[in-house]
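6 protein chains.
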Amino acid sequence: MEISARNVFKGKIENVEVDAVMANIHIKIESPQLVTAIITKESVDKLDLKKGDSVSAIIKSTEVMVAK
Amino acid sequence: MEISARNVFKGKIENVEVDAVMANIHIKIESPQLVTAIITKESVDKLDLKKGDSVSAIIKSTEVMVAK
Amino acid sequence: MEISARNVFKGKIENVEVDAVMANIHIKIESPQLVTAIITKESVDKLDLKKGDSVSAIIKSTEVMVAK
Amino acid sequence: MEISARNVFKGKIENVEVDAVMANIHIKIESPQLVTAIITKESVDKLDLKKGDSVSAIIKSTEVMVAK
Amino acid sequence: MEISARNVFKGKIENVEVDAVMANIHIKIESPQLVTAIITKESVDKLDLKKGDSVSAIIKSTEVMVAK
Amino acid sequence: MEISARNVFKGKIENVEVDAVMANIHIKIESPQLVTAIITKESVDKLDLKKGDSVSAIIKSTEVMVAK
Chain H
13 MEISARNVFK GKIENVEVDA VMANIHIKIE SPQLVTAIIT KESVDKLDLK KGDSVSAIIK
73 STEVMVAK
Chain B
13 MEISARNVFK GKIENVEVDA VMANIHIKIE SPQLVTAIIT KESVDKLDLK KGDSVSAIIK
73 STEVMVAK
Chain E
13 MEISARNVFK GKIENVEVDA VMANIHIKIE SPQLVTAIIT KESVDKLDLK KGDSVSAIIK
73 STEVMVAK
Chain R
13 MEISARNVFK GKIENVEVDA VMANIHIKIE SPQLVTAIIT KESVDKLDLK KGDSVSAIIK
73 STEVMVAK
Chain X
13 MEISARNVFK GKIENVEVDA VMANIHIKIE SPQLVTAIIT KESVDKLDLK KGDSVSAIIK
73 STEVMVAK
Chain C
13 MEISARNVFK GKIENVEVDA VMANIHIKIE SPQLVTAIIT KESVDKLDLK KGDSVSAIIK
73 STEVMVAK
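Residue numbers (this note's numbering), protein chains in the order written: chain H, 13 to 80; chain B, 13 to 80; chain E, 13 to 80; chain R, 13 to 80; chain X, 13 to 80; chain C, 13 to 80.
Next up, the structure:
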């Protein structure tokens, strides 16, 4: 399966903080670069996300802004 | 000015492709990592974005998905 | 690969309209339900998307609104 | 009132899970298709969303990705 | 119909610029405040959007960032 | 630093409600106009956001819908 999202960063989960509905995931994509993802607790459970997992951070390009 | 978006990646613009309304910007954040941003032509003009510019790619953490 | 996006709808591409930077894809997920996706021309080319292809429409749950 | 969002799916709420700030809503749009929406608790209260309500799930087409 | 999006601004369309797939709409919500919306050409045609129309700009609260 | 997001509204924080992972921020941009932003608790802490702060609400134009 290939996805239309143009931005796929491979990395490792550094931290998972789970609340009742939402979760905050820190993914280290390349030391010391860190990506923060806010996803549902449902997804954390379904994918069994935990510290040290090899994952990809995926971002649709229409969501990226540019600052100069 | 500091922004609430948790993901800010510094890099250089590698390519700018401008259409009548939208534009596709490729930002090299760390060789060979590339971020694709779809922004308005208005912003490209306003910020005068061009190849070689030092910019930041900014992404709100609620827009990041995780795949495993 | 499993993705954290909670909404994945399988369907067939009914129409692909490509502009210089963006593309509009119509996906029939279940007659007569139709999903419209705006993605980059880059993705259309990379995934070779064309009418009749079996694809999935993927939507992060934070992007879904509810009206009543 | 008509909205520019191209994706409007009518369905019934199957589950409402409310946290202090966010809420997770499951909407059955056509058996067994299920849409997950993450919205604010504020909206759940304002629209008085509860299991069995007839609602629409609304998604802007720029938020839809395609996988093949 | 009420929508879960928490941000609804009434205003008048000041400019419509249409491309093959996407369109850029400027909405004056209160002089001199201006909202820019990027929506599909499909929606512009379907809602028959033109300069001077009274419309609402609608934004899901998870899409709003804060800078200080 | 200038950002590609076309919608920047200056205002004052009227309310901050913080949960374990997410936070709901009300920003009064012009009486009685109110913008609701859902951001991470991390950002609330990092920017030290509190009632009465002068802030900007920032919204990428691809996230704005139009209703008529």
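No residue lacks a Cβ here, since even glycine has one placed at the ideal position from N, Cα and C.
Notebook entry, point to check: Taking the alpha carbon of V76(R) as the point to measure from, which residue in V30(E), N36(E), E42(E) and K62(E) has its own alpha carbon closest?
Noted result: N36(E)
Next item on the list: Give a yes or no on whether the minimum CB-CB distance between A35(C) and chain H is below 8 Å.
Entry: no
Next item on the list: Report yes if the CB atom of D65(R) is closer than 8 Å to the CB atom of K40(R), and no otherwise.
Entry: no
Note to self: Bridge partners for K22(X) per DSSP, in chain order?
What the structure shows: S68(X)
Margin query: Contact criterion: CB-CB distance below 8 Å. Does S73(E) meet it with respect to chain R?
Written below: yes
Margin query: Quick check on K58(B): does DSSP put it in helix, strand or coil?
Written below: helix
Notebook entry, point to check: Skipping 5 residues on each side, what residues in its chain have a beta carbon closer than 8 Å to that of D31(C)?
Noted result: K53
Checklist line | Local conformation of K10(C) per DSSP, three classes | finding: Nothing can be reported for residue 10(C), as the shown portion of chain C is limited to 13 through 80.
Item checked: Per DSSP, cross-strand counterpart(s) of V30(E) -> A35(E)
Next item on the list: Can you have a look at M13(E) and say buried or exposed, based on whether 16 or more other CB atoms are within 10 angstroms of its CB?
Entry: exposed
Next item on the list: Pull up the distance between the alpha-carbon of K62(H) and that of M34(C), whole angstroms please.
Entry: 20 Å
Item checked: Residue of T48(B), D60(B) and F21(B) minimising C-alpha distance to R18(H) -> T48(B)
Next item on the list: For I15(C), go through chain H and note every residue whose CB falls closer than 9 Å to its CB, in chain order.
Entry: M77, V78, A79 and K80
Checklist line | Bridge partners - T48(X), DSSP secondary structure assignment | finding: H38(X)
Check: Alpha carbon to alpha carbon, what distance is there between T74(R) and K72(H)?
Finding: 9 Å
Next item on the list: Give the interface partners of E42(B) over in chain H, defined as CB-CB distance under 8 Å, in chain order.
Entry: E42 and Q45
Notebook entry, point to check: With C-beta atoms as the reference, is V20(H) less than 8 Å away from I51(H)?
Noted result: no
Check: Residues of chain R with CB under 7 Å from S55(X), in chain order?
Finding: S16 and R18
Margin query: Assuming contact is defined by CB atoms lying nearer than 8 Å, are E29(C) and L46(C) in contact in what I supplied?
Written below: no
Check: Which chain B residues are close to T52(E), counting only those with a beta carbon under 8 Å from its beta carbon?
Finding: N36, T48 and I50
Note to self: For I70(C), would you say it is in contact with chain B, using Cβ-to-Cβ distances shorter than 8 Å as the test?
What the structure shows: yes
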